[in-house]
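The structure appears right after this line, and notes come after that.
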Amino acid sequence: MSLLITGGTGYIGSHTVVELLEQGDDVVIVDNLVNSSTKSLDRVEQITGKKSVFIEADICDKGAMRRVFNDHNISSVIHFAGLKAVGESTQIPLHYYHNNVSGTVALLEVMTEFNVKNIVFSSSATVYGENNVSPLVETMPTSATNPYGQSKLMVEHVLFDLAKSDPEWSIISLRYFNPIGAHKSGLIGENPNGIPNNLLPFVSQVAVGRLKELQVFGDDYDTVDGTGVRDYIHVVDLAKAHLKAVIALDKLPGCTAINIGTGNGTSVLQIVNKFKEISGADIPYKISPRRPGDIATVFAQANIAYDVLGWQAERGLDDMIADTWRWQSENPNGFD
Ligand code: NAD
Ligand code: WQD
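Each position in the sequence shown, counted from 1, maps to that position plus 981 in our numbering.
Encoded structure:
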């Protein structure tokens, strides 16, 4: 039996494939390479000494997905495939809804046809919206402020309804907080196209000299130093949560949402200072106005992950930043 990993050549997917291969699982990857390249597969093979099956296909293409299920004996799916740029989602919302929502519905329909009813879904802390106070707990009301967040929330509704309709489904929706870091080998890491939107890739590209200066979006929040606080989680810890989730599917019918975070908050300036300390690089920054849609503080309550999956984060901020820096400094232009 194999695990199907959609979006498996991307940032979080490639790190998860490493952990799965090292655990001895057979892995089939489907990715349309819209935000990744097959170079990550070569690196994954270099790290693990093992091969996965790669199929270039779009999850929206039901014919192609049927062939995948026909040709491989799939036991469970880890579904990473999706578009994730918040700003872009406000400009091309239909594309986001089509890719993330319709694409997931198409995948679920094909899974139903082949009687594969186990899935782990990549959700996001963004589904908590802007009205809840951290620590964020899975039972809090959800909402979304942009089409990307809305697409994650819509898929969660689809998954809850599907599980209610048919008790054979086991579904875990992992709500990631802020994934950062890279594999300790320095061979795989985050490789954004163009100017990064997220803090860590931006800081590391400033540190390596690819970008001139970081803009710190607001220093007047009610936080430790006025800058935004987030729950950063090492991508390898996050990857390991998926391995635990796949095991848990067997004994957990229905649909369960689970936060994947550390439970700790770190401010933008704390990140910048830690990055300077670890890399020894200069990180020029200027304070800019708040970014629309941002809130002061976001961090998880991570008890359910521990109680239900037996998972907790093992890597701290030093590891997250040291590993980000190794990846960035050894691959200043990503995989190119
Ligand atoms: P990524 O862009 O590196 O990986 C996503 C992969 O999905 C890419 O390789 C892309 O080519 C592929 N893809 C997109 N649409 C596809 C389609 N229709 N068919 C086949 N492949 C498709 O992003 P990531 O950071 O690894 O994120 C993985 C998942 O986790 C996404 O669903 C994302 O929304 C979610 N997530 C990410 C974060 C984060 O900050 N990185 C936080 C919360 C949730
Ligand atoms: C972190 C902090 C910014 C960039 C986003 C998505 C969320 C999830 C994770 C997918 C904030 C500040 C940032 C910069 C800055 N993705 N910042 N200068 O906004 O918490 O979450 O990624 O699901 O849905 O919204 O992450 O890394 O963009 O920002 O000062 O150039 O860094 O204001 O306080 P965010 P981020």
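In this text, a Cβ means the ideal position worked out from N, Cα and C, and glycines have one as well.
None of the values given here were measured: they were computed from a predicted structure.
Among the options, which one has its Cα closest to the Cα of residue i?
{"i": "Ala-1144", "options": "Lys-1031, Val-1210, Thr-1237", "result": "Thr-1237"}
{"i": "Glu-1119", "options": "Phe-1198, Gly-1274, Glu-1137, Gln-1131", "result": "Glu-1137"}
{"i": "Ile-1055", "options": "His-1076, Gly-1005, Thr-1071, Leu-984", "result": "Leu-984"}
{"i": "Ile-1228", "options": "Ala-1286, Ile-1264, Glu-1171, Arg-1272", "result": "Ala-1286"}
{"i": "Ile-1329", "options": "Thr-1019, Thr-1071, Gly-988, Phe-1141", "result": "The question about residue 1329 has no answer, for the chain in this structure spans 982 to 1317."}
{"i": "Leu-1181", "options": "Ile-1302, Asp-1147, Pro-1074, Val-1091", "result": "Ile-1302"}
{"i": "Ile-993", "options": "Arg-1191, Asn-1080, Leu-1224", "result": "Leu-1224"}
{"i": "Gly-1130", "options": "Ser-1017, Glu-1111, Asn-1254", "result": "Glu-1111"}
{"i": "Asp-1042", "options": "Ser-1017, Ile-1176, Asn-1174, Val-1091", "result": "Val-1091"}
{"i": "Asn-1080", "options": "Asp-1012, Val-1217, Ala-1294, Phe-1095", "result": "Asp-1012"}
{"i": "Ser-1017", "options": "Val-1217, Asn-1174, Trp-1308, Asn-1051", "result": "Asn-1174"}
{"i": "Ala-1226", "options": "Asn-1096, Asp-1288, Val-1189", "result": "Asp-1288"}
So, at 7 Å on beta carbons, what are the nonlocal neighbours of residue i in its own chain, with the 5 sequence-adjacent residues on each side left out?
{"i": "Thr-1278", "result": "Ser-1115, Thr-1204, Val-1210, Gly-1246"}
{"i": "Thr-1029", "result": "Val-999, Leu-1002, Glu-1003"}
{"i": "Leu-1134", "result": "Val-1108, Thr-1123, Ala-1125"}
{"i": "Gly-1068", "result": "Asn-1178"}
{"i": "Val-1249", "result": "Leu-1180, Val-1197, Thr-1208, Gly-1209"}
{"i": "Leu-1014", "result": "Thr-990, Glu-1037"}
Only counting the same chain, and skipping five residues up and downstream in sequence, which positions put a Cβ closer than 6 Å to that of residue i?
{"i": "Asn-1099", "result": "Ser-1057, Ser-1151, Leu-1230"}
{"i": "Gly-1207", "result": "Asp-1200, Asp-1201"}
{"i": "Ser-995", "result": "Ser-1021, Val-1025, Ile-1169"}
{"i": "Leu-1233", "result": "Ser-1151"}
{"i": "Arg-1271", "result": "Phe-1198, Gly-1199"}
{"i": "Val-1034", "result": "Val-1009"}
{"i": "Asn-1172", "result": "Gly-1315, Phe-1316"}
{"i": "Lys-1257", "result": "Ile-1264"}
{"i": "Ala-1220", "result": "His-996, Thr-997, Glu-1000"}
By the DSSP assignment, the alpha helix (DSSP H) with residue i in it spans what residues?
{"i": "Thr-1305", "result": "1298-1311"}
{"i": "Phe-1198", "result": "First-last for Phe-1198: 1195-1198, but that is the beta strand (DSSP E), not the alpha helix (DSSP H)."}
{"i": "Phe-1280", "result": "Looking at the DSSP string, Phe-1280 is not in any alpha helix (DSSP H), and its letter there is neither H nor E."}
Note the first and the last residue of the continuous beta strand (DSSP E) segment covering residue i.
{"i": "Asp-1288", "result": "Premise fails: Asp-1288 is in no beta strand (DSSP E) and is neither H nor E."}
{"i": "Glu-1171", "result": "Element bounds for Glu-1171: n/a, residue is neither H nor E."}
{"i": "Phe-1158", "result": "No beta strand (DSSP E) contains Phe-1158, which DSSP labels as neither H nor E."}
{"i": "His-1223", "result": "Taken as a continuous stretch (DSSP letters only), His-1223 belongs to no beta strand (DSSP E), being part of the alpha helix (DSSP H) at 1216-1230."}
{"i": "Ile-1028", "result": "That residue, Ile-1028, is in no beta strand (DSSP E); its alpha helix (DSSP H) goes 1020-1029."}
{"i": "His-1060", "result": "1055-1060"}
According to DSSP, is residue i helix, strand or coil?
{"i": "Asp-1007", "result": "strand"}
{"i": "Glu-1137", "result": "helix"}
{"i": "Val-1101", "result": "strand"}
{"i": "Tyr-1129", "result": "helix"}
{"i": "Pro-1273", "result": "coil"}
{"i": "Asn-1254", "result": "helix"}
{"i": "Ser-1115", "result": "coil"}
{"i": "Asn-1240", "result": "strand"}
{"i": "Leu-984", "result": "strand"}
{"i": "Phe-1316", "result": "coil"}
{"i": "Glu-1037", "result": "strand"}
{"i": "Ile-1152", "result": "strand"}
{"i": "Thr-1247", "result": "strand"}
{"i": "Lys-1267", "result": "strand"}
{"i": "Tyr-1109", "result": "strand"}
{"i": "Thr-1047", "result": "One point to set straight first is that residue 1047 is Arg, not Thr, in the sequence displayed. In the structure shown, Arg-1047 sits in a helix (DSSP, three-state: H, G or I)."}
Please go through the same chain and pick out, in chain order, the residues whose beta-carbon is closer than 8 Å to the beta-carbon of residue i, but skip the five residues on each side of it.
{"i": "Ala-1106", "result": "Leu-1117, Arg-1156, Tyr-1157, Phe-1158, Asn-1159, Asp-1212, Asn-1240, Gly-1242, Val-1279, Ala-1281"}
{"i": "Asp-1275", "result": "Phe-1198, Gly-1199, Gly-1209"}
{"i": "Val-1139", "result": "Val-1082, Thr-1085, Val-1086, Leu-1089"}
{"i": "Val-1102", "result": "It should be pointed out that residue 1102 corresponds to Phe in this sequence rather than to Val. Answer for Phe-1102: His-1060, Thr-1085, Val-1136, Glu-1137, Leu-1140, Ile-1152, Ile-1153, Ser-1154, Leu-1155, listed in chain order."}
{"i": "Glu-1194", "result": "Val-1187, Pro-1265, Tyr-1266, Lys-1267"}
Say whether the segment 1297-1307 touches the segment 996-1010, bearing in mind that this needs 3 or more beta-carbon pairs closer than 8 Å, one atom from each stretch. The answer is no - the segment 996-1010 does not touch the segment 1297-1307, with fewer than three Cβ pairs under 8 Å.
Across the segment 1061-1070 and the segment 1017-1026, are there enough close Cβ pairs to call them in contact, namely three or more that are closer than 8 Å? Contact fails: fewer than three Cβ-Cβ distances are below 8 Å.
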